[in-house]
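Only one structure is covered here, and it is reproduced in the block below.
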Amino acid sequence: MAPFDQSSPLNPLVGETTGHISKLAGPGVGITLGPVAIHCAILRPGKNAHLASGPTEVSGFAFAGDDRTVARVDVSTDCGSTWTHADLDPPEHPWTWQHWRATLTLPPGEAELIARAWDSTAAVQTESPATVWNPR
741 MAPFDQSSPL NPLVGETTGH ISKLAGPGVG ITLGPVAIHC AILRPGKNAH
791 LASGPTEVSG FAFAGDDRTV ARVDVSTDCG STWTHADLDP PEHPWTWQHW
841 RATLTLPPGE AELIARAWDS TAAVQTESPA TVWNPR
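If you read the sequence shown in my numbering, its first letter stands for residue 741, the second for the next number, and so on.
Structure (structure tokens):
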């Protein structure tokens, strides 16, 4: 077996005859490494924010990937014992984040906010990123 020749770099985006970056590269072209796991994140309030008890606006974004959309986002102030449905904006375009918001009543003392998303195929966000093989 001949050794691997590293004298010229391998660039899968270079056209075979033109030497220029292929115009065929982009969304929907080529193969995917696997489906993107449904996920969401809380943007506001920020991590470790100190807030008064009572009504608080919580907002974030969610993403489903492929030809799926985010169908629902739930937010909890008690580590998932109870959930509140968030208001979800429609996607502006395919493959874009969807923004969400909810008003939650924070209890006195410490509270940990968590959120979970559901997609249009009824898949739900995993409880921990550790259970997703290839998170993106």
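By construction, the Cβ of each residue, glycine as well, lies at the ideal position given by its N, Cα and C atoms.
Item to check | Straight-line Cα distance separating Ser793 from Thr866 | outcome: By 1-based counting over the sequence shown, the position of residue 866 is 126. By 1-based counting over the sequence shown, the position of residue 793 is 53. Taking the straight line from one Cα to the other gives about 28 Å.
Checklist entry - In terms of alpha-carbon separation, which member of Glu797, Asp818, Gly786 lies closest to Gly849? => result As a position in the sequence shown, residue 849 is number 109, starting the count at 1. Each of Glu797, Asp818, Gly786 was checked against the Cα of Gly849, and the nearest Cα belongs to Asp818.
Checklist entry - DSSP state of Ala777, grouped into three classes? => result Along the sequence shown, read from residue 1 onward, the residue named residue 777 stands at position 37. Three-state result, Ala777: coil.
Checklist entry - Among the residues of its own chain, which have a CB less than 6 Å from the CB of Ser860, if the five just before and after it don't count? => result On the sequence shown, position 120 is the one that residue 860 refers to. The residues are Arg808, Thr809, Ala811.
Item to check | His860 - DSSP class collapsed to helix/strand/coil | outcome: Numbered from its first residue, the sequence shown carries residue 860 at position 120. For the sequence presented, residue 860 should be read as Ser rather than His. Coil at Ser860, not helix or strand.
Next on the checklist: Can you list, in chain order, the residues of its chain with a C-beta nearer than 8 Å to that of Leu791? Leave out the 5 residues immediately preceding and following it.
Outcome noted: By one-based count along the sequence shown, residue 791 stands at place 51. So the qualifying residues of the chain are Pro785, Leu846.
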